[in-house]
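To start, the structure under review is shown below, and the notes come after it.
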Amino acid sequence: DKPVLALVGATGAVGTTMIEIIDSRESVPWGEIRLIASARSAGKVLTVRGQDITVLELKPEVFDGVDIAMFDVPDEVSAEWAPIAASRGAIAVDNSGAFRMDPEVPLVVPEVNPEKVTERPKGIIANPNCTTLSMMAAMGALHREFGLEALVVSSYQAASGAGQPGIDQLQAELSAVAGKDLGKAAGDVAAVLTEAGIPVGGDSPFPAPLVLNVVPWAGSLKDDGWSSEELKVRNESRKILGIPELKVSATCVRVPVVTTHALAIHATFSSEVSVDAARKVLGAQPTIVVKDDPAAGEWPTPADAVGGDPTVVGRIRQSLDFPNTLELFVCGDNLRKGAALNTYEVAETVAAAG
Ligand code: 2RA
2 DKPVLALVGA
12 TGAVGTTMIE
22 IIDSRESVPW
32 GEIRLIASAR
42 SAGKVLTVRG
52 QDITVLELKP
62 EVFDGVDIAM
72 FDVPDEVSAE
82 WAPIAASRGA
92 IAVDNSGAFR
102 MDPEVPLVVP
112 EVNPEKVTER
122 PKGIIANPNC
132 TTLSMMAAMG
142 ALHREFGLEA
152 LVVSSYQAAS
162 GAGQPGIDQL
172 QAELSAVAGK
182 DLGKAAGDVA
192 AVLTEAGIPV
202 GGDSPFPAPL
212 VLNVVPWAGS
222 LKDDGWSSEE
232 LKVRNESRKI
242 LGIPELKVSA
252 TCVRVPVVTT
262 HALAIHATFS
272 SEVSVDAARK
282 VLGAQPTIVV
292 KDDPAAGEWP
302 TPADAVGGDP
312 TVVGRIRQSL
322 DFPNTLELFV
332 CGDNLRKGAA
342 LNTYEVAETV
352 AAAG
């Protein structure tokens with residue numbers, strides 16, 4: 002019998018992208034697809050692969066008969082409901098932050114550690130944070146070849162990392178400055194936004210104006226000035242790559258881009274690396290596109306990655322002053338590979354593993 006797939010959070014931003022991904026697959030291994038959401042969205046009818054499916058309300062019974070349940074819901078909803086799905090016999094593939102660092106929950110990127118899907122004592126498998134995920138296919142491939150020792154990363158994170166409210170905020174901020182004398186507006190963006198009735202700080206998803214600006218902050222405040230997002234990059238990279246001692250230092254920055262997280266990466270390896278060898282390794286990966294010819298004006302930008310599955314990698318350089326070290330720039334759609342696509346690929350990997 003073909004496995005039954007459930008999608009919890011079917012009507013949210015990532016859930017919607019998930020349905021687009023399921024629709025775009027040439028074939029799917031599922032006998033049935035069940036859509037699940039909160040009581041507010043239950044009863045809606047969504048079309049998946051040409052079939053109308055009524056959204057069911059999240060209740061323990063909806064997981065009866067489900068083999069794999071993908072969760073695209075807030076942390077607290079996953080924390081409560083993924084174990085319920087597992088207790089009903091489903092394998093939960095969770096895209097929230099609730100279980101990522103649980104030692105009994107594998108954190109899986111199919112290009113890097115697909116074998117971990119079978120090591121799931123709690124019946125739960127976690128999907129990484131979109132910032133970490135955007136560079137994992139590339140770093141996994143380079144690690145296999147050259148042995149990764151240290152990563153210094155700066156992120157350029159899109160507004161949609163903060164969900165639909167993040168996109169709405171950027172849209173409102175853009176409208177407020179449109180047509181203004183930008184030279185003047187740039188001097189006091191907050192005042193321009195306040196005058197237009199747009200929240201700044203407090204009620205905004207971002208702690209400072211994002212338009213005409215960049216904000217060196219994502220997530221919540223942790224010890225010693227680190228943001229939760231920066232610690233996720235460190236902890237999740239170590240877990241996924243299977244290098245508990247990996248040296249990682251991250252600075253996470255929000256930029257006025259709608260979708261696609263970009264990362265500037267300084268990566269040090271245990272063996273000698275060259276740009277040509279790195280290009281060859283990266284170019285051989287089915288989910289990576291190398292776009293790296295500065296003389297021809299070719300490098301990855303977020304616009305190149307939006308709406309697509311592959312990670313785009315370029316600006317590959319050998320560090321001038323650091324041995325065995327490469328600099329590179331990576332762009333990945335944070336809503337696709339960064340969230341829905343990886344979750345779905347994990348579900349496919351589980352199905353294929355039987
Ligand atoms: C962000 N990575 O970009 C976080 C949330 N997914 O805000």
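Residues in the sequence shown are numbered consecutively from 2, following the UniProt record's numbering. All residues carry an ideal CB built from backbone N, CA and C; glycine is no exception.
- Of the other Cβ atoms in all chains shown, 16 or more fall within 10 Å of the Cβ of T12; this residue is therefore buried.
- Residues of the same chain with a CB within less than 7 angstroms of the CB of T261, apart from the 5 flanking positions on each side, are A159, P303, A306, V307, C332, G333, D334, N335 in chain order.
- Comparing C-alpha distances from I37 to each of G16, V9, L47 shows the shortest one belongs to V9.
- In the DSSP assignment, S88 falls within the alpha helix (DSSP H) that extends over 76-88.
- In the DSSP assignment, F72 falls within the beta strand (DSSP E) that extends over 69-72.
- By the Cβ neighbour-count rule, V46 is exposed, with fewer than 16 other Cβ atoms within 10 Å of its own.
- Here DSSP, grouped into helix, strand and coil, assigns G162 to helix.
- Two segments are said to touch when three or more pairs of C-beta atoms, one from each, lie closer than 8 angstroms; by this definition the segment 256-273 touches the segment 131-151.
- A distance below 8 angstroms separates the beta carbons of A7 and A91.
- By the C-beta density criterion, K240 is buried, having at least 16 other C-beta atoms within 10 angstroms.
- In terms of Cβ geometry, A354 and T119 form a close pair [threshold 8 angstroms].
- CA-to-CA, the gap between T252 and E81 works out to about 31 angstroms.
- Excluding its 5 nearest sequence neighbours in each direction, S250 has C-beta neighbours in its own chain below 6 angstroms: V153, listed in chain order.
- With a cutoff of 7 angstroms, A219 counts as near the ligand 2RA, since its C-beta is closer than that to a heavy atom of the ligand.
- Q172 sits exposed, since fewer than 16 C-beta atoms from the chains shown fall within 10 Å of its C-beta.
- Apart from sequence neighbours up to five positions away, the residues of its chain that approach H144 with a beta-carbon distance below 7 angstroms are L242, ordered along the chain.
- In the three-state DSSP reduction, T350 falls in the helix class (H, G or I).
- In this structure, K3 lies near G32, with their beta-carbon atoms less than 8 angstroms apart.
- The Cβ atoms of L59 and S39 sit closer than 8 angstroms to each other.
- About 6 angstroms separates the Cβ atoms of Q319 and L327, confirming a contact at the 8 angstroms cut-off.
- For the 8 angstroms CB-CB criterion, I126 and V94 form a contact.
- A direct Cα-Cα distance of roughly 13 angstroms separates T48 from S25.
- Distance from R41 to V67 at the Cβ level is roughly 21 angstroms; contact not present, criterion being Cβ atoms closer than 8 angstroms.
- Going by beta carbons, A352 and I54 fall outside the 8 angstroms limit.
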